[in-house]
Amino acid sequence: MSLCQYNVRAFTDPEIDTIEEYDDQVPRPAYFKLESLLADPDDAFRRRAEQLTRWHDALNRLLTDPRLKNTGDDQEPYSPAVRRFLKGAAGDYHRHRHGYEYAVTVWALELQAPTSCPPETRHLNLANRELRLWD
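So my numbering is basically just the index in the sequence shown, starting at one, shifted up by 39.
(1) Please list the terminal residues of the continuous beta strand (DSSP E) segment that includes Arg-171.
(2) Suppose you measure from the CA of Pro-158 to the CA of Val-145; what does that come to, to the nearest Å?
(3) Could you check whether Ser-118 and Gly-111 sit closer than 8 Å to each other, using their CB atoms as the reference points?
(4) Would a C-beta distance cut-off of 8 Å place Arg-171 and His-162 closer than the cut-off?
(5) For a quick check, are the C-beta atoms of Ala-97 and Tyr-61 less than 8 Å apart?
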């Protein structure tokens, strides 16, 4: 909410109230290290799934909250400031969700054959013809 964008209406008081309520509802699971999650997977995966479910429910309620309805002149359902916030909140949720899915996949693969889990890659370096974990 601290980003500045010129020629855009700021958040209204009802929008701020709605966003603050959302922040109070979101469990905000901390980023985790895969090794710590895999150390006690049964309880850790269950807790993580519950947190993500609560987060998803809070995000859905936020999207349909009538206090966020655009009162401006354009036909968009949300103001530019609210759209920017919603995109950021949804992006944050999806990053956490993908991290969780990745951890579950690694755990499941290693149950079947501990040495057969494929190596991580996040970047393609065409100049050196290699797959790399970091840029």
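For every residue, glycine included, the Cβ atom is placed at its ideal position computed from N, Cα and C.
The structure says:
(1) Counted from its first residue, the sequence shown places residue 171 at position 132. It spans 169–171 - the beta strand (DSSP E) in which Arg-171 sits, taken as one unbroken run.
(2) For the purposes of this step, residue 158 is identified with residue 119 of the sequence shown, where counting begins at 1. For the purposes of this step, residue 145 is identified with residue 106 of the sequence shown, where counting begins at 1. In a straight line, the C-alpha of Pro-158 is about 10 Å away from that of Val-145.
(3) To locate residue 111, count along the sequence shown from 1; it is residue 72. To locate residue 118, count along the sequence shown from 1; it is residue 79. It is a contact, given that the beta carbons lie within the stated cut-off.
(4) Position 132 of the sequence shown, counted from the first residue, corresponds to residue 171. Position 123 of the sequence shown, counted from the first residue, corresponds to residue 162. Arg-171 is a Cβ neighbour of His-162, given a cutoff of 8 Å.
(5) Here residue 97 is taken as the residue at index 58 of the sequence shown, counted from 1. Here residue 61 is taken as the residue at index 22 of the sequence shown, counted from 1. Yes, Cβ-Cβ distance for Ala-97 and Tyr-61 is below 8 Å.
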